[in-house]
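In the numbering used here, the protein residues as written are -9 to 173.
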């Protein structure tokens, strides 16, 4: 019971800091800008991606939709998201040292291990919320702006995922993204 209370207070302490929401604010600014830019220049993006294949294949319909934009955002954020998460994760321990509150915390009968694990659980919770926010914002806004359809990925070959398969694959990808951000 004491550990749950400690974790609760650590969560309150973390989520009341303004800098905790800096990563959310950055995503809230950058993702809509990127998605609007994709909407304005999307046709050119797909023509460049399929330029080499156009002489061998006929492309019918609109391959540019919200799924390809969400896919592009997810692939471009693998460097930035860990950095934004590490700001809060690092502040969990370093913020206590900077603020000088370790002396006050360690005078209580709570063990150092309990304090560390409470901070770890709060960091895990923050990471999950952050990645879920990224997923909801990027997919939700892309679907509103560009609509849905089959996901066509042109990389070393052509991968066409039917619209019925795309949603569960994105869910699995974001679950794996949460896992990778935690390790």
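Even for Gly, the Cβ is constructed at its ideal location relative to N, Cα and C.
Asked                                                                                                   : Found
Per-residue burial, residue 128 [other beta carbons within 10 Å of its own, 16 or more giving buried]   : buried
For residue 6, the three-state DSSP class (helix, strand or coil)                                       : coil
Spatial distance of residue 144 from residue 56 (CA atoms)                                              : 16 Å
Closest residue to residue 28 among 137, 69 and -5 (Cα-Cα distance)                                     : 137
Proximity of residue 172 and residue 114 at Cβ, strictly below 8 Å                                      : yes
Meets three-Cβ-pair contact criterion under 8 Å: the stretch 71 to 86 and the stretch 146 to 162        : no
Simplified DSSP state of residue 21, which is helix, strand or coil                                     : helix
Environment of residue 161 [buried if 16+ CB atoms lie within 10 Å]                                     : exposed
Endpoints, the alpha helix (DSSP H) within which residue 118 is located                                 : 102 to 136
Sufficient close CB pairs (3 or more, under 8 Å) joining the stretch -6 to 12 to the stretch 106 to 124 : yes
Rounded straight-line distance, which links the Cα of residue 25 to that of residue -2                  : 36 Å
Where residue 148 falls: helix, strand or coil (DSSP)                                                   : strand
Simplified DSSP state of residue 69, which is helix, strand or coil                                     : coil
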